[in-house]
Each structure stands twice: as C-alpha cells, then as structure tokens.
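The block underneath contains the structure these notes are about, expressed in structure tokens.
Chains as they are written, first to last, in my numbering: chain A, 72 to 153; chain B, 13 to 190.
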C-alpha cells in the first residue's frame, strides 16, 4: 500500500488485496481524509472492480473517474464527500 | 489536514474487517468498540450470549461470574480485547437498576425484551403476547444495540424499550408413502 500526501490527491494501491480487504483499506483511508480531497485507488480483478466502486458510492462519496489500464489494473478516482 | 489517523493496528484490521465494513462502524467506530467496556451485573443465558457477541466484536465484558463459561472462554476467544477499558454500559436482567453514575447507558435485558436508558432507570416493559424468542436472538440483538450505543448513535434518540415476541410453528408434510 502506498499513500502519497504530497498534494490533496491521495493514492492507495490495493492490487495485492482480495475482497473484502480491498474496500476495508479504502474505507479506513477515506475516514482520515478531508471533504473534497481526492483519492486515487489502483485495484485489480473483476470482484474488486465490481465491489469497490459500488461501496464507495454507498458510503456517500463521489466516484469521479474509473479508468481501465493496459496492464489489467483499474484506477478509481474518488472525491471525499462526507 | 487529516481528520485523524485510525488507531487500529494491522491484526485488528484483519480481525474486525467485516465489522469495519458495516455502515456506521469503520475504523473509528471499531476503535470506540475496543476502548469502552460493558459491565454485566446479573448472570443469565441472555446476558452470556450478548457478552459472547460483544467480546467477539472487540468490546471487553466485565462482571461475569468466575467459573462460569463466560470468563475463561470469553477471554480466550479474542486475545485482542483490552480488559482494562473503562465501563460505558451496564447490563442487567433481574436486579435493581444499577447506578448510572458516569456511564453512558444502562440496559435491562430479559428473555423477551430490551430496555435502555441514558438518563436513569429503563422504563418497565409491557410483555407482549406470544412466545419468547429465546436467549440467542435476544442476546445477539442486545449486543447489536449495545454496539450502537458505544458508537454514539443511539444517545440522541433517547431512552427506549424494545419488546419481542414470536411464535414458531413447525409442520411435517408427508410427500410420499413409504
């Protein structure tokens, strides 16, 4: 897991995690961020790709972008909303 | 500025992962569950069930009688529990309502009802007609309510009484002759 706090864009790599730990990592980090901050999450696999964005929205945050990478990973951009 | 660092260590995150996922819990909620204790004044099957659920969720439960199933097996069931955490909620069944003093809440848990108070003695329960649902259902339900009290979610909604009755009917239908 790597987190960059150099700017208001935070980064989290959960490529090596499996559900449900994928969203646990995301949720724990989102709790510590300020409203309006951005979190970029890199994940891999069909199940995390299905579950993490859905859970992010259910928690009341905004899913800004979802981008599939050539290496099979995906990147989510989340804006902290609460 | 950060809104605060989650005070859970990695073994705690692994142990409580599925609970952390629940709405209203999260890392901060789990920390609240791990840092406040529940004291049990009486000993009953319902309270033992509630205690088992609470300890599994990270909350220390004090006051169960030594030698009962509870003390030894509960302490062994979750090595993560902080048994020195301050008492926030006191549970009782049959005795007089325990002094509230500095507590967040007191809760009376019987075979068919749960009543709690943030200000004094829980209100009396009007028994409902029907079959008592039994200690497992009521005990686990009481544990869920205690967790919400520890999370601070019920404090604003005030005192409450929750009574439960259910009837179970089992019918055997013969579908083929021997």
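C-beta atoms are modelled at their ideal positions from N, C-alpha and C, and glycine is treated no differently.
Residue i: first and last residue of the uninterrupted alpha helix (DSSP H) it sits in
i, result
"residue 94 of chain A", "92-103"
"residue 60 of chain B", "57-68"
"residue 139 of chain B", "First-last for residue 139 of chain B: undefined, no H or E at that position."
"residue 86 of chain A", "Here residue 86 of chain A belongs to no alpha helix (DSSP H), and DSSP marks it neither H nor E."
7 Å Cβ cutoff, residue i in contact with chain B
i, result
"residue 134 of chain A", "no"
"residue 92 of chain A", "yes"
"residue 99 of chain A", "yes"
"residue 73 of chain A", "Because residue 73 of chain A sits at a pLDDT of 45, beneath the cut-off of 50, its placement in the model cannot be relied upon, and the point is left open."
"residue 127 of chain A", "no"
"residue 102 of chain A", "yes"
"residue 95 of chain A", "yes"
Range of the contiguous beta strand (DSSP E) that encloses residue i
i, result
"residue 105 of chain B", "Careful: residue 105 of chain B lies outside any beta strand (DSSP E) and carries neither H nor E."
"residue 111 of chain A", "109-115"
"residue 139 of chain A", "133-139"
"residue 117 of chain B", "117-122"
Under 7 Å between C-beta atoms of residue i and residue j
i, j, result
"residue 124 of chain B", "residue 144 of chain B", "yes"
"residue 49 of chain B", "residue 72 of chain B", "yes"
"residue 107 of chain B", "residue 54 of chain B", "yes"
"residue 158 of chain B", "residue 58 of chain B", "no"
"residue 98 of chain A", "residue 69 of chain B", "no"
"residue 162 of chain B", "residue 86 of chain B", "no"
"residue 52 of chain B", "residue 34 of chain B", "no"
"residue 42 of chain B", "residue 28 of chain B", "yes"
"residue 81 of chain A", "residue 110 of chain A", "yes"
"residue 83 of chain A", "residue 112 of chain A", "yes"
"residue 97 of chain B", "residue 47 of chain B", "yes"
"residue 89 of chain B", "residue 56 of chain B", "no"
"residue 62 of chain B", "residue 151 of chain B", "yes"
Buried or exposed (CB count within 10 angstroms, at least 16 for buried), residue i
i, result
"residue 114 of chain B", "exposed"
"residue 145 of chain A", "buried"
"residue 191 of chain B", "Shown here, chain B extends from 13 to 190; a query on residue 191 of chain B therefore has no answer."
"residue 138 of chain A", "exposed"
"residue 129 of chain B", "buried"
"residue 19 of chain B", "exposed"
"residue 191 of chain B", "Nothing about residue 191 of chain B can be read from this structure; chain B reaches only from 13 to 190."
Chain A within 7 Å of residue i, Cβ atoms only
i, result
"residue 41 of chain B", "no"
"residue 33 of chain B", "yes"
"residue 19 of chain B", "no"
"residue 170 of chain B", "no"
"residue 38 of chain B", "yes"
"residue 68 of chain B", "no"
"residue 29 of chain B", "yes"
Distance cut-off 6 Å: residue i Cβ against heavy atoms of the ligand GTP
i, result
"residue 41 of chain B", "The ligand GTP is absent from the structure shown, which contains no ligands of any kind."
- Message: List, from N- to C-terminal side, the alpha helix (DSSP H) runs of 4 residues or more that fit wholly inside the region 13-55 of chain B.
- Response: Segments of the alpha helix (DSSP H) lying fully in the region 13-55 of chain B: 22-27, 29-32 and 38-47.
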